[in-house]
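Undergrad: Shown below is the structure under consideration.
2 protein chains.
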Amino acid sequence: MDRGLLALALFISLPAAADEGMWTYDAFPSEAVKKAYGFTPTQEWLDKVRLGSVRLAGGCSASFVSPDGLVMTNHHCIRECIVDLSSPKEDLLARGFLAKTSAEERRCPKVEANQLEKMTDVTARMNAATKGLSGAAFNTALKKEMAAAESECATSADVRCDVVTLFNGGKYHLYQYRRFQDVRLVFAPEFSMAAFGGDPDNFNFPRFGYDAAFLRVWQGDAPAKSPHYLPWAKQGAKEGDLVFVSGHPGGTERKATVAELEFQRDVNLPYTLLGLSEVRGMLREFVNASPERYRTTRSRLRGVENGLKALRGRHQALADPALLARKRQEEAELRKRVDANPQAKAATQGAWEEIAQALDAYRRMLPEYRMKEQGEAYPGELFTLARDLVRLSDEQSKPNAERLREYTEAQLPTLRQQLLREAPIAAELEQALLGFGLNRLRETLGADDPFVHQVLGREAPADLARALVKGTKLGDVKVRKALLEGGKAAIDASKDPMIVFARKVDAEARAVRKRYEDTVEAVLKRNGERIAKAHLAVYGTSGYPDATFTLRLNAGQVKGWDENGRAVAPLTTFGGAYARHTGKDPFKLPDSWLKAQGRVPPETPLDMATTNDIIGGNSGSPVVDRDGRVVGLIFDGNLHSLGGRYAYVPETNRAVAVHGDGLLAALEHVYGATRVVKELRAASDVASSPAK
Amino acid sequence: MDRGLLALALFISLPAAADEGMWTYDAFPSEAVKKAYGFTPTQEWLDKVRLGSVRLAGGCSASFVSPDGLVMTNHHCIRECIVDLSSPKEDLLARGFLAKTSAEERRCPKVEANQLEKMTDVTARMNAATKGLSGAAFNTALKKEMAAAESECATSADVRCDVVTLFNGGKYHLYQYRRFQDVRLVFAPEFSMAAFGGDPDNFNFPRFGYDAAFLRVWQGDAPAKSPHYLPWAKQGAKEGDLVFVSGHPGGTERKATVAELEFQRDVNLPYTLLGLSEVRGMLREFVNASPERYRTTRSRLRGVENGLKALRGRHQALADPALLARKRQEEAELRKRVDANPQAKAATQGAWEEIAQALDAYRRMLPEYRMKEQGEAYPGELFTLARDLVRLSDEQSKPNAERLREYTEAQLPTLRQQLLREAPIAAELEQALLGFGLNRLRETLGADDPFVHQVLGREAPADLARALVKGTKLGDVKVRKALLEGGKAAIDASKDPMIVFARKVDAEARAVRKRYEDTVEAVLKRNGERIAKAHLAVYGTSGYPDATFTLRLNAGQVKGWDENGRAVAPLTTFGGAYARHTGKDPFKLPDSWLKAQGRVPPETPLDMATTNDIIGGNSGSPVVDRDGRVVGLIFDGNLHSLGGRYAYVPETNRAVAVHGDGLLAALEHVYGATRVVKELRAASDVASSPAK
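Just so you know, the protein sequences line up as chains C and S, in that order.
All residue numbers for the first sequence refer to this note's numbering, where the first residue is 1 and numbers rise by one.
All residue numbers for the second sequence refer to this note's numbering, where the first residue is 693 and numbers rise by one.
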């Protein structure tokens, strides 16, 4: 048994390590934290930190850091906004941005911020709606009831309500958020500093990135008030300090069945990784050709590379026989206990087998589903806009509860904002991506496939892409507005080639979606729920639910790790950043940092590693100390954390954050962001410690 | 149990299907063929077809089709030669080539042809040399004895000798080939016709490619004599006809252990596929930029795409749980029988476990090995030339048996030819590839890796690649000749940046190679051999050995298959090719075909599917009828054949060939290749049927 396997095997019979767990705020294990760290978060402490936490609807975390709506997050979480606000003459991604006055703060076209105000258990309501149902009927009834509950709750455009799934459907909660749609950019460093070390350093540590940015939420024509905010700590975090992370981990599969994990390893991840690898190769060569291409594409490229590395890490975790061995053992143990419990046994009859069968069906269906419905055949913004306009015009005539989920009333404010944003669309990139997607469609489904014939006719993919991108007027927000307001009549009458194209592919796309939802998704969900309930029945609710981009809190400490015998220290410094500078991208410090060398003492901490249990979606999460004060800003995890999708390994899994001291020091001495620094200091001075 | 699983499960307990098997000529199952098809190949028949078969050393098959050294193979097997003979002004890949006289036949710089003259069993000699050894000692002794046997046998530059491994080391044979190094291009169609349907149609059927080419081997200043050749059939093959394929399947893993298959599925194939996907995306975008880039790169791109599709097919076969289930069952059955046989049991003690451990070590080592030693960090021709010059200068001073295998005396003629070929090297492509590889090196091993530091220093990968490619003079064959003849002194004194670079990385590359060979390769080989011998002990030699790019023969029939309920007919026609023409690449017929429309009756067969058991390396194999006459030319397999790497599934596995009738008809009526057609007809008329 190798070391890895031994560590994992031992781990099975132990209770969850103190630092493991993405806990919902209503079930935080304060006792366990007290036992491990001698500190108990009170209800007041929990409420304060929860209300200071912010979700960025696009898939990130953030926090209020002043009473005047100032929001801290990662640079990479608002990179798209920065690109949207840029132009060939004003490349904000390259040179950064600083609003000297609140009037200079610039609205991000696509960013929405949410603050979690209320959580209500609606498990009974959902269970009542799906009682006795399975397959498609189960799925439809569940979606309908979710949409109904959300729509009852969302009483104004400022309220966002989501029914969230916890414990794989063992529980359902209704989350009510305060919604901010006017979010403005206050400060962003240069891309080269935010992503210092680039793709090579991504998911690595030691690390020297300054992946921070500040936004502000506005209401009417003034900054919004945010009385619940997280004040800056007077003193930074040191090695061994207890720290909490409050944020929105996007998704984990720690409770997945072995069949589901094998499906990820053998089918889903390889398929996705191959697509990402190819598009990465394409985009890297694409941006080489001109500075303008580099400007419009580097953000997307970075996103692709980040996704690729993250998914490779997941695949590698699953390719390690030790992890699957542990999961097999856990599943066998669960099934043994379930078998010993007559009620649980009856309730899960055939559940594992049905999951395996649905996955076998999915394996055959996956390329078709991903191509036609998930849009891999038609990547790019223009098609997405066209599809949304076409589908919305169809869906709006249906009762709310019968619509495709993304077109229910609760989703419309976000959707309208997406459709009407002013950001420019890079036609050259659109054309390259669409040509790429159409080519992939043909090679994936085959040149003799009827849908491929329908889409391409006798056209070459690149030619069709050129014709669609050059022909469409959807890049013009006025055109989109007219189509949006004109409703179905306008869409049906439109001769815009992208609209015509989106209409043409829609029937087939909807058909495969329906097949997927009825024969795969519904079966996995229904049986996952059965197993989850059996799990709750035999183990109780002492565990934490898998992540679902809902707000979670966890405790950990500032701590390095042992990397194959080499000790990795938990803190890096400003001096280290200057030592890593080679002058060549991606190890090239921006001029601002080169000019400021010496102004910040070289021993000042810049980044840190902590044992907090995080995952993608936690980007932008505040790191707070026992006083609930900000001591850092999560922006990454180490390579080992990628396997955290499936299991938390306390020895090596580390979160990576910008250190609070370094964050403030650079803001002041490198960027001269006096207005922001003053606001943070004032907020810090005013706040009294919430811990009693 | 789904249909696939059922088919496979049934299959386990049956003897190998009649059409399964890549048989060596000395153990061809004539009785089984007689039983299935009522025809028994005689020894004379076997000798004739064997001597008519040709191996192209680069990795393809071929055949003699006239007594004057005329050789038939696939266009894709000599694509590199066609590129080498091209120039910006004369793009032979685009427009094809036809030598009107033998004086116009043009020498391929890198092509070597081999004709198998003799096979000798040297198992006892190899076993004696490795008796009692394991690990590195086993590997070293085996390599040494192989090199010694080869070198004793290779008495002149016209003789090539390889010790070949059969039954995973259960047997070793010494193969003696007649070697032809002067191979000239006679005829090649346009790339667009050879690869009609391009990547979308690759590994698909129905198919309409004309993937044929003719070469001629020369000796001195005249065409070589080839008294053993395969005459053209007077009558083409029809559905249901018995056909044989004689060729060189490159490699199968049908006897691999389950651990080895899982390693392929989880580690090796994903790693390789991701690299290929990315380079594909890069190259597709790269060739978009200019016609000259397209000209110099399309052949490599096609190779990458072909490899990618082939390996994806393999991965998909392994991702199907049914295949692994069958393999697990077979392995369990073998182990049960071995356990019941005290001698076999003792001989295999710990063998499966040692293989699993070696694979675990390999999993950790693979990226490093592939990057440093297998050259993924430095792709392109210039580095390969530099490495060969550097290593040869080091190895030449060692006794033959102690050298790295690729620098033993037996390999030197081929190596010299590679080093001194006149073909131009595309600098722009070299630079793009090298930059790509160096970037991959850094991201794979990490920016903090000492080797990465040593290689890159403070340089960006693209900058270093540019400096090396622009600075080296190795593109000049005179420079290479001087370094080759100057030996170690010249190499040590060279300041050529690519030579300096190749010297710099060599110690680390050799070190990881040694670790790989000692702790992975040797263990896999040694234990594979132990298992193979036990397999022979309990099952006997009634089976066929896994493919190892050695000459094999198999029987099959012209036959379509059932594709999910849709019947696929075994023959396509000229009419079908014209119907598939869209005018857009890759479905654009060349002008020659458009002009010739009507000259060949539309019902004339163009391509065909057969049940023959083939795999990569069989490309270019002749398809012969029971008279040993040519009725087709293998150039591909269908998608299902890709899983043939691990198992032959008779229901769906199909070889794909150009039909003999169509081949000749296009040669005559589309290309006006009168000289070749006459030669083929004359040879066909002269030959008497070898079957008695």
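Think of the CB as a built atom: it goes at the ideal place given N, C-alpha and C, for glycine as much as any other residue.
Using a Cβ-Cβ cut-off of less than 9 Å, list which residues of the stretch 270–303 of chain C approach chain S; keep chain order.
TA: Within the stretch 270–303 of chain C, the residues whose Cβ lies closer than 9 Å to some Cβ of chain S are 270, 273, 274, 275, 276, 277, 278, 279, 280, 281, 282, 283, 284, 285, 286, 288, 289, listed in chain order.
Undergrad: DSSP state of residue 406 of chain C, grouped into three classes?
TA: The answer is helix: DSSP assigns residue 406 of chain C an H, G or I state.
Undergrad: I need the DSSP call for residue 1388 of chain S, collapsed to helix, strand or coil.
TA: Only positions 693 to 1384 of chain S appear in this structure, which leaves residue 1388 of chain S out of reach.
Undergrad: Check the Cβ-Cβ distances between residue 220 of chain C and every residue of chain S, and say whether any is below 8 Å.
TA: With 8 Å as the cut-off, residue 220 of chain C does not count as an interface residue toward chain S.
Undergrad: Measure the C-alpha to C-alpha separation of residue 683 of chain C and residue 666 of chain C and round it to an integer number of angstroms.
TA: Rounded to the nearest angstrom, the two C-alpha atoms are 19 Å apart.
Undergrad: 8 Å is my cut-off, CB to CB: does residue 652 of chain C come that close to chain S?
TA: By this cut-off, residue 652 of chain C is not an interface position.
Undergrad: Report the residues of the stretch 436–459 of chain C with a CB closer than 7 Å to any CB of chain S, ordered along the chain.
TA: Listed by position, the residues of the stretch 436–459 of chain C near chain S (Cβ gap below 7 Å) are 442, 443, 446, 447, 458, 459.
Undergrad: Taking the straight line between their C-alpha atoms, what separation do you get for residue 770 of chain C and residue 71 of chain C?
TA: Any question about residue 770 of chain C goes unanswered here, given that chain C covers just 1 to 692.
Undergrad: Please tell me whether residue 700 of chain S has its Cβ less than 8 Å away from any Cβ of chain C.
TA: Since pLDDT at residue 700 of chain S reaches only 36, below the 50 mark, its modelled position is unreliable, and the value read off the structure follows with that caveat. Closer than 8 Å: no.
Undergrad: Apply the 10 Å Cβ neighbour rule to residue 539 of chain C and answer buried if 16 or more other Cβ atoms are within range, or exposed otherwise.
TA: Exposed, since its Cβ has fewer than 16 Cβ neighbours within 10 Å.
Undergrad: Using the Cα positions of residue 251 of chain C and residue 170 of chain C, report the straight-line distance between them to the nearest angstrom.
TA: So the alpha carbons of these two residues sit roughly 16 Å apart.
Undergrad: Going by C-alpha to C-alpha distance, which of S:746, S:751, S:750 sits closest to residue 757 of chain S?
TA: Looking at the Cα atoms, S:746 is the closest of the given residues.
Undergrad: Taking 7 Å as the line, does the beta carbon of residue 94 of chain C fall inside it for any heavy atom of the ligand ADP?
TA: Here there are no bound small molecules, and the ligand ADP is not part of this structure.
Undergrad: Say whether the stretch 240–247 of chain C touches the stretch 623–632 of chain C, bearing in mind that this needs 3 or more beta-carbon pairs closer than 8 Å, one atom from each stretch.
TA: Segments in contact, yes.
Undergrad: Give, in chain order, every unbroken run of the beta strand (DSSP E) that is at least 3 residues long and sits entirely within the stretch 906–980 of chain S.
TA: As far as the stretch 906–980 of chain S is concerned, its whole beta strand (DSSP E) runs of at least 3 residues are 934–939.
Undergrad: For residue 1060 of chain S and residue 1147 of chain S, what's the separation of their Cα atoms in angstroms?
TA: Taking the straight line from one Cα to the other gives about 14 Å.
Undergrad: According to the neighbour-count rule (16 or more other Cβ atoms, all chains shown, within 10 Å of its Cβ), is residue 619 of chain C buried or exposed?
TA: Under this definition residue 619 of chain C is a buried residue.
Undergrad: Quick one: which residues of the stretch 1313–1338 of chain S get their C-beta closer than 7 Å to a C-beta of chain C? List them in chain order.
TA: Under the 7 Å Cβ criterion, the stretch 1313–1338 of chain S contributes no residue.
Undergrad: Taking Cβ positions, are residue 869 of chain S and residue 811 of chain S nearer each other than 8 Å?
TA: Not in contact: residue 869 of chain S and residue 811 of chain S (Cβ atoms no closer than 8 Å).
Undergrad: Assign residue 216 of chain C to one of two classes, buried (16 or more other C-beta atoms within 10 Å of its C-beta) or exposed (fewer than that).
TA: Buried, since its Cβ has 16 or more Cβ neighbours within 10 Å.
Undergrad: Would you kindly check if the distance between the Cβ of residue 1006 of chain S and the Cβ of residue 993 of chain S is under 8 Å?
TA: Not a contact, by the Cβ cut-off of 8 Å.
Undergrad: Would you check if there are 3 or more beta carbon pairs closer than 8 Å linking the stretch 1209–1227 of chain S to the stretch 1090–1107 of chain S?
TA: The stretch 1209–1227 of chain S vs the stretch 1090–1107 of chain S: no contact.
Undergrad: Bridge partners of residue 1324 of chain S, per DSSP?
TA: In DSSP, residue 1324 of chain S forms a bridge with S:1315, S:1351.
Undergrad: Return yes when the Cβ of residue 1264 of chain S is within less than 8 Å of the Cβ of residue 898 of chain S, no when it is not.
TA: Yes, Cβ-Cβ distance for residue 898 of chain S and residue 1264 of chain S is below 8 Å.
Undergrad: Anything in chain C within Cβ reach of residue 957 of chain S, meaning under 8 Å, just list it in chain order.
TA: Simply 266.
Undergrad: Could you check whether the Cβ of residue 1254 of chain S sits closer than 8 Å to any Cβ belonging to chain C?
TA: Judged by the 8 Å Cβ criterion, residue 1254 of chain S is not in contact with chain C.
Undergrad: Return the chain-ordered list of same chain residues with a C-beta closer than 6 Å to the C-beta of residue 69 of chain C, the five sequence neighbours on each side being excluded.
TA: So the list reads 216, 217, 223, 224, 226, once near-sequence residues are dropped.
Undergrad: Which residues in the same chain have their Cβ closer than 8 Å to the Cβ of residue 8 of chain C, if we skip the five residues on either side of it in sequence?
TA: In this prediction, residue 8 of chain C scores a pLDDT of 36, lower than 50, which makes its location untrustworthy; no coordinate-derived value is stated.
Undergrad: Any contact of the stretch 580–595 of chain C with the stretch 151–164 of chain C, i.e. 3+ C-beta pairs under 8 Å?
TA: No, the stretch 580–595 of chain C does not touch the stretch 151–164 of chain C.
Undergrad: In angstroms with no decimal places, state the Cα-to-Cα distance between residue 923 of chain S and residue 1249 of chain S.
TA: Cα to Cα, the separation comes out at about 20 Å.
Undergrad: Flag this pair as yes or no: are the beta carbons of residue 262 of chain C and residue 973 of chain S separated by less than 8 Å?
TA: For residue 262 of chain C and residue 973 of chain S, no; Cβs fall outside 8 Å.
Undergrad: Taking residue 1152 of chain S as the reference, which of S:1182, S:792, S:1127 has the closest Cα?
TA: Among S:1182, S:792, S:1127, the Cα nearest to that of residue 1152 of chain S belongs to S:1127.
Undergrad: At what residues does the alpha helix (DSSP H) containing residue 605 of chain C begin and finish?
TA: That residue, residue 605 of chain C, is in no alpha helix (DSSP H); its beta strand (DSSP E) goes 605–610.
Undergrad: Does residue 127 of chain C have its Cβ less than 8 Å from a Cβ in chain S?
TA: False, the Cβ-Cβ gap to chain S never drops below 8 Å.
Undergrad: Relative to the C-alpha of residue 276 of chain C, which candidate in C:309, C:297, C:290 has its C-alpha closest?
TA: When each option's Cα is compared against that of residue 276 of chain C, the closest is C:309.
Undergrad: Given that a residue counts as buried once 16 or more other Cβ atoms are within 10 Å of its Cβ, and exposed if not, what is residue 1219 of chain S?
TA: With 16 or more Cβ atoms within 10 Å of its Cβ, residue 1219 of chain S is classed as buried.
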